[in-house]
Amino acid sequence: MGDFNVVLGSHERSRGATRQTRPSEEFMEIIDDVHILDVDSSGSQFTWSTRRYFSGIMAAKLDRVLASQGFLDLWHNLEVTISMLFFGSLSFAGHDQGYSHFH
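The opening position of the sequence shown corresponds to residue 0 in numbering that gives the first Met the number 0, with each subsequent residue numbered one higher.
#1: Which residue marks the beginning of the beta strand (DSSP E) containing Leu71, and which one marks its end?
#2: Exposed or buried, which one is Asn4 when buried takes at least 16 other CB atoms within 10 Å?
#3: Considering only their Cβ atoms, is the gap separating Asp2 from Leu65 smaller than 8 Å?
#4: So what does DSSP say about Ser48, is it helix, strand or coil?
#5: Where Gln68 and Glu78 are concerned, what is the direct C-alpha to C-alpha distance, given to the nearest angstrom?
#6: Ends of the alpha helix (DSSP H) at Glu28?
#7: First and last residue of the beta strand (DSSP E) that includes Ile81?
#8: What are the boundary residues of the beta strand (DSSP E) that includes Ile35?
#9: Within its chain, find whatever has a CB closer than 8 Å to the CB of Ser23; leave out the 5 residues flanking it on each side and keep chain order.
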């Protein structure tokens, strides 16, 4: 699990740029080169927000869990849950909590 500070596409932003950036492209190439997967998660879609209530909140998925297929085969019941702390439209945390459950 890590804070990679890069989004993999517009679906990982609440608003803002929709085109791929160079860091996004490089990150996807590395993931592909080392044969790891972005593990699916439940809970909040985003892991970071600007916390700017009056200028409009932007949120993004900057944190993720990456694993090899071998790891996923071994821990086939892996569950990842992302929890964002929101009160109305105001987020109280920049990077929020992610939980990994191994069974």
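Using N, Cα and C, we set each Cβ at its ideal position, and we do this for glycine too.
Predicted model only: the values in this text are computed from it and were never measured.
Reading off the structure:
#1: Leu71 -> not in any beta strand (DSSP E); alpha helix (DSSP H) instead, spanning Gln68 to Leu73.
#2: exposed
#3: no
#4: strand
#5: 15 Å
#6: Arg21 to Asp32
#7: Glu78 to Ser82
#8: Ile35 to Asp37
#9: Val5, Val6, Leu7 and Gly8
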